[in-house]
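Peer 1:
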Amino acid sequence: MEMNLYINGKSTRTNQVFDVINPYSKEIIDTVPDAGEEEAELAVEAASDAFRDWKTTTAYERAGFLWRWHELINHHKQELAELMTKEQGKPLKEALGEIEYANSFIAWYAEEGKRVYGETIPASKPDKRILVQKQPIGVMAAITPWNFPAAMITRKVGPALAAGCTVLIKPAEQTPLTAIRLVELAHEAGAPNGIINIVTGDAATISNVWLSDSRVRKLSFTGSTEVGKHLMKKSADTMKRISLELGGQAPFIVLEDADLDKAVKGAIASKFRNAGQTCICSNRFYVHESILDSFTEKLKDTVAQLKVGDGLDSETDIGPLIDKDGFEKVQKHIQDAINNGAELVTGGTGSSENGYFIDPTVLVNTNEGMLCMQEETFGPVLPVSSFTDEKEAIKRANDSSFGLAGYLYTENISKALRLAEELEYGIVGLNDGAPSTAQAPFGGFKESGLGREGGHFGIEEYLETKYISIGL
Ligand code: ADP
1 MEMNLYINGK STRTNQVFDV INPYSKEIID TVPDAGEEEA ELAVEAASDA FRDWKTTTAY
61 ERAGFLWRWH ELINHHKQEL AELMTKEQGK PLKEALGEIE YANSFIAWYA EEGKRVYGET
121 IPASKPDKRI LVQKQPIGVM AAITPWNFPA AMITRKVGPA LAAGCTVLIK PAEQTPLTAI
181 RLVELAHEAG APNGIINIVT GDAATISNVW LSDSRVRKLS FTGSTEVGKH LMKKSADTMK
241 RISLELGGQA PFIVLEDADL DKAVKGAIAS KFRNAGQTCI CSNRFYVHES ILDSFTEKLK
301 DTVAQLKVGD GLDSETDIGP LIDKDGFEKV QKHIQDAINN GAELVTGGTG SSENGYFIDP
361 TVLVNTNEGM LCMQEETFGP VLPVSSFTDE KEAIKRANDS SFGLAGYLYT ENISKALRLA
421 EELEYGIVGL NDGAPSTAQA PFGGFKESGL GREGGHFGIE EYLETKYISI GL
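Anchor point for the sequence shown: position 98 equals 98 in the UniProt record's numbering, and the numbering is continuous, going up by one each time.
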């Protein structure tokens, strides 16, 4: 299959291409165009022209297209999931789950586009009327990461298209194949030319063209805090609206009265999904001292059963890490913790012959002086620290420049709500290790980003508010 750029409804190839590597076998799966300024500019031209018509379509017409796209994605979900596992490494069952999750944003926004309500406001003068309308912002540029090759795209493109915006996509260089296939399916579903364009190639070159062009009115980025800050600065010159989903460093607190089975299940779900490579993965665990041993024991038994291997093997729970850099960072975090007095409960080893693998690892006796308690590990490492007083646990949990997700386990409802409100995190999983869903607002406090994706909040990011003052 030839994987191409999509600009103005046409599939195009460049002379230069780059390789997409399978992180399990380290073999080349395919090549994709290495596009530059010219293609990036053509895409803006196409999206800008297409916006003139797309914004005048009804929400019902846009929903019609989104539902057709949804149906095709559903029809091709096995193929899409296999492609994703090959380029990203996650187990096939997780890849299938991601395609369904990604598609749920298209379905949700197909309908939510019909509920973009305005307002009329009582005026203070008898001969005045105040009308407020919501209008699409214009061309949106989506720059997305490799850890969720499908969902990070539909979470942006679904609401943008539903709102009447047109889109430019620059997928991560590690995982462009799933993204291109999704856009091909959008084309097959009858996307009008230019409403959805995808350009693969050097990130800085493409984003420079898009961010310096005043016709691009919106940037939606998911990735590292460092790159997010850089893109925010670049967006300032043309005053683009921005949504940023950046890094996390999620705390996971288990109180004395927690249901330990639930807590262990939640810990596994939030820690080892995608081999620990999600921005809401729990990163550091605070467990009440009275249950430390029983929690660790249960955790050890469950973690020991997780199977590491080729994502295409149906038995696999944990696939390879995305690349050598990721692998070395995780190894460094484990080593640093052990050197500083942490005790290894299970795992701790890695291999890089067939993919970059780290065995699921549990450490106890960890503290804030260790890298794994300070930085986002992005790997299957679960560091446990104990606490005596819940105030101390909340303080330690909040002591971070990040504020994306936090988890809290307790069976005491009033304590649960009170402490959830104290956590300085945009998402709190209360006895829940898997909070992401299309209907709810996903996003962070502090340096974890700006804006929200999902729910009715998510479409607001693509809408301008217009006030029409009427004199009678
Ligand atoms: P990660 O650490 O998850 O790879 P990055 O922030 O490096 O996160 O990447 C997320 C997205 O940002 C990818 O699509 C990547 O190509 C893009 N990106 C990386 N560096 C830049 C840059 N300097 N300008 C624009 N986009 C970038």
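Heads up, the beta-carbon is just placed ideally off N, CA and C, and yes, glycines get one too.
Indicate, with yes or no, if the ligand ADP has a heavy atom lying under 7 Å from the CB of Leu83.
Peer 2: As a working mapping, residue 83 is identified with position 83 in the sequence shown. No, the Cβ of Leu83 stays beyond 7 Å of every heavy atom of the ligand ADP.
Peer 1: Contact between the segment 23 to 31 and the segment 200 to 219 is defined here as three or more beta-carbon pairs at a separation below 8 Å; is this criterion met?
Peer 2: no
Peer 1: Look up Ala31 in the DSSP assignment and say whether it is helix, strand or coil.
Peer 2: Here the question's residue 31 lines up with position 31 in the sequence shown. A small fix is needed here, since residue 31 is Thr in this sequence, not Ala. Residue state, collapsed to three classes: strand.
Peer 1: Classify His76 as helix, strand or coil using the three-state DSSP reduction.
Peer 2: Translated into the one-based positions of the sequence shown, residue 76 becomes position 76. Coil, per DSSP.
Peer 1: At a threshold of 7 Å, does His333 count as lining the ligand ADP (C-beta to nearest heavy atom)?
Peer 2: Stepping through the sequence shown from its first residue, residue 333 is reached at position 333. Flag unset: Cβ of His333 not near the ligand ADP.
Peer 1: Compute the Euclidean distance between the alpha carbons of Gly311 and Gly319, then round it to the nearest angstrom.
Peer 2: Translated into positions along the sequence shown, residue 311 becomes position 311. Translated into positions along the sequence shown, residue 319 becomes position 319. Going by the C-alpha atoms only, they are around 5 Å apart.
Peer 1: Going by beta-carbon coordinates alone, are Pro192 and Phe272 separated by less than 8 Å?
Peer 2: Along the sequence shown, one-based indexing puts residue 192 at 192. Along the sequence shown, one-based indexing puts residue 272 at 272. No, the pair does not count as a contact, with Cβ atoms beyond the cut-off.
Peer 1: Might you give, ordered along the chain, the residues of its own chain that have their beta carbon closer than 7 Å to the beta carbon of Val428, omitting 5 neighbours on each side?
Peer 2: In the sequence shown, the residue the question calls residue 428 occupies position 428. These residues qualify, in order along the chain: Gly406, Leu408, Ala420.
Peer 1: Excluding the 5 residues flanking Tyr467 on each side, which residues of the same chain have their C-beta closer than 6 Å to its C-beta?
Peer 2: Taking the first residue of the sequence shown as position 1, residue 467 is located at position 467. Cβ neighbours of Tyr467 beyond the five flanking positions: Val132.
Peer 1: Considering just the uninterrupted stretch of the beta strand (DSSP E) at Ile291, what are its terminal residues?
Peer 2: Here the question's residue 291 lines up with position 291 in the sequence shown. First-last for Ile291: undefined, no H or E at that position.
Peer 1: With a cut-off of 8 Å, does the C-beta of Ile338 fall near any C-beta of chain D?
Peer 2: Given the protein chain composition of this structure (a single chain), no chain D is represented.
Peer 1: Let me know the beta strand (DSSP E) ranges lying completely inside the segment 95 to 131, each 3 residues or longer, listed in chain order.
Peer 2: 119 to 121
Peer 1: Given a threshold of 16 other Cβ atoms within 10 Å of its Cβ, counted over all protein chains shown, does Ala236 qualify as buried or as exposed?
Peer 2: Taking the first residue of the sequence shown as position 1, residue 236 is located at position 236. It is exposed - the Cβ of Ala236 has fewer than 16 other Cβ atoms within 10 Å.
Peer 1: Using 10 angstroms around the beta-carbon of Gln277, count the other beta-carbons present and answer buried if the total reaches 16, otherwise exposed.
Peer 2: Here the question's residue 277 lines up with position 277 in the sequence shown. By the neighbour-count rule (16 or more Cβ atoms within 10 Å), Gln277 is buried.
Peer 1: Is Pro145 near the ligand ADP, with its Cβ less than 7 Å from a heavy atom?
Peer 2: Counting from one through the sequence shown, the residue named residue 145 turns up at place 145. For the ligand ADP, at least one heavy atom lies less than 7 Å from the Cβ of Pro145.
Peer 1: Could you tell me whether the Cβ atoms of Ala63 and Ala110 are closer together than 8 Å?
Peer 2: In the sequence shown, counting from the first residue as 1, residue 63 sits at position 63. In the sequence shown, counting from the first residue as 1, residue 110 sits at position 110. Yes; because the gap between Cβ atoms is below 8 Å, this pair is in contact.
Peer 1: Can you give me the Cβ contacts of Asn74 inside the same chain, cut-off strictly under 7 Å, excluding the 5 residues immediately before and after it?
Peer 2: For the purposes of this step, residue 74 is taken as the residue at position 74 of the sequence shown. Asn103, listed in sequence order.
Peer 1: For the segment 371 to 430, list the alpha helix (DSSP H) runs that are entirely contained and at least 4 residues long, ordered along the chain.
Peer 2: 371 to 374, 390 to 398, 413 to 422
Peer 1: In the DSSP assignment, find the unbroken beta strand (DSSP E) run with Asn197 in it and report its ends.
Peer 2: To locate residue 197, count along the sequence shown from 1; it is residue 197. 196 to 198 is the span of the beta strand (DSSP E), which, as asked, contains Asn197.
Peer 1: Based on Cα-Cα distance, which residue from Ile21, Gly36, Pro23, Ala160 lies nearest to Thr12?
Peer 2: The residue you call residue 12 lines up with position 12 of the sequence shown. Nearest of Ile21, Gly36, Pro23, Ala160 to Thr12, Cα basis: Gly36.
Peer 1: From Leu185 to Phe327, what does the alpha carbon distance come to, in whole angstroms?
Peer 2: Within the sequence shown, residue 185 is the residue found at index 185, counting from 1. Within the sequence shown, residue 327 is the residue found at index 327, counting from 1. Distance between the alpha carbons of Leu185 and Phe327: 34 Å.
Peer 1: Can you check the segment 301 to 358 for any alpha helix (DSSP H) of at least 4 residues that lies completely inside it and give the ranges in chain order?
Peer 2: At a cut-off of 4 residues, the continuous stretches assigned as alpha helix (DSSP H) that sit fully inside the segment 301 to 358 are 324 to 339.
Peer 1: Among the residues of its own chain, which have a CB less than 7 Å from the CB of Tyr462, if the five just before and after it don't count?
Peer 2: Counted from its first residue, the sequence shown places residue 462 at position 462. Contacts found: Pro136, Ile137, Met140, Pro159, Ala160, Ala163, Cys165, Lys218.
Peer 1: How long is the line joining the alpha carbons of Met177 and Met239, rounded to whole angstroms?
Peer 2: In the sequence shown, residue 177 corresponds to position 177, counting from 1. In the sequence shown, residue 239 corresponds to position 239, counting from 1. Inspection of the sequence shows that residue 177 is occupied by Leu rather than by Met. Leu177 and Met239: Cα-Cα distance of roughly 32 Å.
Peer 1: Output the distance between the C-alpha atoms of Gln335 and Ala43, rounded to the nearest integer angstrom.
Peer 2: To locate residue 335, count along the sequence shown from 1; it is residue 335. To locate residue 43, count along the sequence shown from 1; it is residue 43. Looking at the two C-alpha atoms, the distance is approximately 46 Å.
Peer 1: Kindly indicate the opening and closing residues of the beta strand (DSSP E) around Lys218.
Peer 2: For the purposes of this step, residue 218 is identified with residue 218 of the sequence shown, where counting begins at 1. Unbroken beta strand (DSSP E) run through Lys218: 216 to 222.
Peer 1: Would you mind working out which of Leu344, Thr316, Gly350 sits nearest Lys329, comparing C-alpha positions?
Peer 2: Numbered from its first residue, the sequence shown carries residue 329 at position 329. With distances taken between Cα atoms, Lys329 lies closest to Gly350.
Peer 1: Which parts of the segment 132 to 172 are runs of the beta strand (DSSP E), unbroken and 3 residues or longer, counting only runs that do not cross its ends?
Peer 2: 139 to 143, 166 to 170
Peer 1: In the DSSP assignment, find the alpha helix (DSSP H) that holds Phe51 and state where it starts and stops.
Peer 2: Taking the first residue of the sequence shown as 1, we reach residue 51 at position 51. Residues 37 to 54.
Peer 1: Given Ser386, which residues of its chain have a CB within under 6 Å of its CB, disregarding the five upstream and five downstream residues?
Peer 2: Here the question's residue 386 lines up with position 386 in the sequence shown. Counting only Cβ-Cβ distances below 6 Å, and skipping sequence neighbours, we find Val287, Glu289, Leu292.
Peer 1: Taking 6 Å as the limit between beta carbons, can you name the residues of its chain near Phe221, skipping five residues before and five after?
Peer 2: Counting from 1 along the sequence shown, the entry for residue 221 is found at position 221. These residues qualify, in order along the chain: Ile143, Gly228, Leu231, Leu244.
Peer 1: Arg452 by DSSP, collapsed to three states: which one?
Peer 2: One-based indexing of the sequence shown puts residue 452 at position 452. If DSSP states are grouped into helix, strand and coil, Arg452 belongs with coil.
Peer 1: Apart from the five residues on each side of it in sequence, which residues of its chain come closer than 8 Å, Cβ to Cβ, to Ile394?
Peer 2: Working through the sequence shown from its first residue, we reach residue 394 at position 394. Taken in chain order, the residues that qualify are Ile253, Leu419, Glu422, Leu423.
Peer 1: Is there at least one non-hydrogen atom of the ligand ADP closer than 7 Å to the beta-carbon of Ala142?
Peer 2: Looking up residue 142 in the sequence shown gives position 142. For the ligand ADP, not one heavy atom lies less than 7 Å from the Cβ of Ala142.
Peer 1: My guess is that Thr120 and Ile130 are in contact by the Cβ rule of under 8 Å, so how many angstroms apart are they, rounded?
Peer 2: The residue labelled residue 120 in the question sits at position 120 within the sequence shown. The residue labelled residue 130 in the question sits at position 130 within the sequence shown. Distance from Thr120 to Ile130 at the Cβ level is roughly 7 Å; contact confirmed, criterion being Cβ atoms closer than 8 Å.
Peer 1: If contacts are defined as beta-carbon pairs under 8 Å, then Pro435 and Phe457 qualify, I think. What distance do you get, rounded to the angstrom?
Peer 2: Here the question's residue 435 lines up with position 435 in the sequence shown. Here the question's residue 457 lines up with position 457 in the sequence shown. Contact doesn't hold; Cβ gap of about 15 Å is too wide.
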